[in-house]
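Counting in the numbering used here, the final residue of the sequence shown is number 747, and the numbers go up one at a time with none missing.
Report on the structure given below.
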Amino acid sequence: MFQNLGEAALRLVEQYGYLAVAAFTFLEASLLFPLLPSEVVVPGAAALLIGGPATFGLFVASVVVGTTAGSLFAYHVFGERGRSALADRGGRLRLSEDRLERATGWFRRWGESSVLWGRLLPVLRSLVSVPAGLAGMARWKFTLYSATGALAFGALVAGAVETGLNLVGIA
């Protein structure tokens, strides 16, 4: 299933470029389409789109914009509506009570900074917005931490892909 979804996502990236990357990262971070994690599509998208410093920057910017906007969506939904949002949207958001409890535990244990470095970890990358919203974290700080974490994630993936391509003589 992921292979077909991944292939479809990469076809969209080939067709729509950075807009597709921003849309995909928005959908994942917002929890509206969490079926295909970033680590499946973002490296492939980087390999398709990055060809130098300008495209590297555009790629990272598209990851930052998509992830930050999607994160703010999830933060807002759960910050405004609390746990009732999970009951109302839980089936569509595919967010189980168990996953929510794990993310909330991480947030309690590591504090608001978990929003920043959580953007680098699979699963937690999108889920950390929920406990941040539930906890009422300041929106400006949430936005700053989310954007900074997304910047680090995008740059790390893009750098790793670009380095790998250079090592095998493709780029």
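The beta carbon of each residue, even a glycine, is placed where N, CA and C say it ideally should be.
DSSP three-state assignment for residue i, whether helix, strand or coil
{"i": "residue 586", "result": "helix"}
{"i": "residue 602", "result": "helix"}
{"i": "residue 609", "result": "coil"}
{"i": "residue 699", "result": "coil"}
{"i": "residue 677", "result": "helix"}
{"i": "residue 731", "result": "helix"}
{"i": "residue 593", "result": "coil"}
{"i": "residue 736", "result": "helix"}
{"i": "residue 714", "result": "coil"}
Residue i: first and last residue of the uninterrupted alpha helix (DSSP H) it sits in
{"i": "residue 632", "result": "629-657"}
{"i": "residue 622", "result": "614-625"}
{"i": "residue 706", "result": "705-711"}
{"i": "residue 694", "result": "690-694"}
Sequence-distant residues of the same chain with beta carbon closer than 6 Å to residue i, five excluded per side
{"i": "residue 645", "result": "602"}
{"i": "residue 723", "result": "640, 644"}
Cβ-Cβ separation, residue j to residue i (assumed contact under 8 Å), whole Å
{"i": "residue 706", "j": "residue 654", "result": "5 Å"}
Sequence-distant residues of its chain with Cβ nearer than 7 Å to residue i (five each side left out)
{"i": "residue 683", "result": "690, 704, 707, 708, 711"}
{"i": "residue 726", "result": "639, 640, 643, 644, 695"}
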